[in-house]
Amino acid sequence: MNGYRPQAKAKSMPPRSNRRTPVRRQAVKTHTGQNGNGLACQRLAVLPNGNVNSVRRRLLAGSVGGVVSSCFPGTVSAASLSRKPLRIGTTAVFLNEQLQLLDVWRQDLRDILGFDVQFVQRRSYGEIVELLLNRQLDAAWICGFPYVQHADSFRLLAVPVYQGQPLYRSYLIVQEENRQARGIADLYGCVFAYSDPLSNSGFLVPMAQMASVSLDPSRFFRKAMFTFAHRKVVQAVASGLADAGAVDGYVWDTIAEQFPEWTNGARVAWRSEYYGFPPIVARHDLEVDQFHGLQHALLSMTQRPRGRLILSRLCLDRFSVKDPGIYDDIRSLLQSVNPAHLSRANATAPAV
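The opening position of the sequence shown corresponds to residue 14 in my numbering, with each subsequent residue numbered one higher.
1. Just to confirm, is the Cβ distance from V172 to F332 under 8 Å?
2. For the putative contact between A282 and I343, defined by C-beta atoms under 8 Å, what is the C-beta separation to the nearest angstrom?
3. Let me know the secondary structure DSSP gives A164 once reduced to three states.
4. Determine the DSSP secondary structure at F241, reduced to helix, strand or coil.
5. First and last residue of the beta strand (DSSP E) that includes G258?
6. By how many angstroms is the C-alpha of P292 removed from the C-alpha of S214?
7. Among S166, V174, L122, L324, which residue has its Cα nearest to the Cα of V334?
8. Please list, in chain order, all residues of the same chain as V294 whose beta carbon is under 7 Å from its beta carbon, the five residues on each side excluded.
9. Which value, in whole angstroms, describes the spacing of the CA atoms of S164 and R148?
10. Report the three-state DSSP secondary structure of L228 (helix, strand or coil).
11. Inspect the beta-carbon positions of D209 and Y263 and report whether they are closer than 8 Å.
12. For Q131, collect the residues of the same chain with a Cβ closer than 6 Å to its Cβ; drop the 5 residues on either side in sequence, then sort them by chain order.
13. CB-CB under 6 Å to G289, same chain, minus the five flanking residues each way: which ones, in chain order?
14. With a 10 Å radius around its C-beta and 16 neighbouring C-beta atoms as the bar for buried, classify R232 as buried or exposed.
15. Taking just the CA atoms, how far does F239 sit from H309?
16. Using three-state DSSP, classify G278 as helix, strand or coil.
17. Here's a check: name, in chain order, each residue in its chain whose Cβ is nearer than 8 Å to the Cβ of N351, leaving out the five neighbours to either side.
18. Which residue from L150, Q120, A255 puts its Cα closest to that of D298?
19. Find the nearest neighbour of P230 within the set Y287, R96, S356, G320, judged by alpha-carbon distance.
20. So, helix, strand or coil for V174, using DSSP?
21. Could you pull out every unbroken beta strand (DSSP E) segment of at least 3 residues lying fully inside the stretch 319-346, listed in chain order?
22. According to DSSP, simplified to helix, strand and coil, what is G289?
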């Protein structure tokens with residue numbers, strides 16, 4: 014197992030009681046603020062309400078250097094706008110509080126595709142998956158867990174590349190003062206925060222870890238909860254609301270780089286093996302021209318100033334096309350967990 018990486022001493026917190034086959038990955042250099050598209054990973058500040066248009070103007074004019082017209086020579090025709098928009102689902106689990114970024118992204122996709130795009134946000138992966146299965150969405154940014162569950166219904170459209178690889182890890186985080194915890198088995202009797210019932214890093218990985226040492230999650234933890242956002246898992250542990258939690262490593266690393274104060278009071282106790290990065294998928298019967306058009310628009314983001322800015326805000330290198338086999342390890346995790354334990358944990362852990 015990977016050991017924890019000591020972090021800077023944070024503010025002290027009141028004492029609390031604390032009772033597969035891995036994906037082969039090339040060595041990756043420690044992230045230093047530059048992503049693969051050559052732009053520094055930008056701080057994801059929440060901007061004042063009503064400032065969306067000014068943000069768009071800044072991104073498209075000042076930041077881009079006045080070359081938007083040459084990159085996007087066409088305009089969206091009235092006929093194109095009259096057609097049904099392409100609906101893309103996102104959740105707060107992964108992409109949180111980025112409504113203004115989504116507005117800029119929508120404009121970028123609309124300019125490339127030639128017709129309107131609509132981002133649809135819901136609280137949970139479950140809601141997004143249901144909409145996609147019912148053809149109320151055309152595509153969605155989901156997790157590898159629901160993708161392997163519905164691989165016959167969803168088509169892999171694009172996989173983000175993060176720090177040079179289309180992979181990420183789950184982190185087990187604990188309160189900073191807890192220096193003994195090295196893994197899930199050290200957390201008996203604690204209050205534990207999951208992110209989402211359909212999150213690989215925030216639910217399936219810790220469930221599989223407990224299954225590997227024959228632990229029943231419903232009896233192991235004193236209390237468990239779902240936060241429905243990786244950021245909120247970090248906040249729950251850092252504030253003392255939870256003793257420990259499972260979080261997407263990409264989200265933790267991004268928060269630690271951009272908002273280090275949010276991680277004060279928490280530390281990483283354990284890191285998982287690598288898994289396929291949460292993908293963008295399409296419903297299996299999406300029209301061929303729309304599928305390939307959206308895929309091209311995502312893959313070519315590094316070729317456009319505006320696309321590079323969006324990637325930088327997301328701290329991603331680019332989007333790529335990968336074989337579905339990249340998610341086989343998540344499928345193996347799912348098979349290793351007792352379905353009854355998943356159902357019971359889902360039913361008994363309240364949302365916060």
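All C-beta atoms, glycine included, are put in the ideal place defined by N, C-alpha and C.
Based on what the coordinates show:
1. yes
2. Contact flag wrong, Cβ pair sits at about 22 Å.
3. coil
4. coil
5. 257-261 is the span of the beta strand (DSSP E), which, as asked, contains G258.
6. In this structure, the CA atom of S214 is about 13 Å from the CA atom of P292.
7. When only C-alpha atoms are compared, the closest one is V174.
8. A152, A153, I155, Y160, F167, R168, L169, L170
9. Sequence inspection shows Ala at residue 164; the Ser mentioned does not correspond to that position. A164 and R148: Cα-Cα distance of roughly 15 Å.
10. coil
11. no
12. P98, R100
13. G157, I339, Y340
14. exposed
15. 35 Å
16. coil
17. A224
18. L150
19. S356
20. Strand.
21. Listed in chain order, the beta strand (DSSP E) elements of length 3 or more contained wholly in the stretch 319-346 are 331-333.
22. strand
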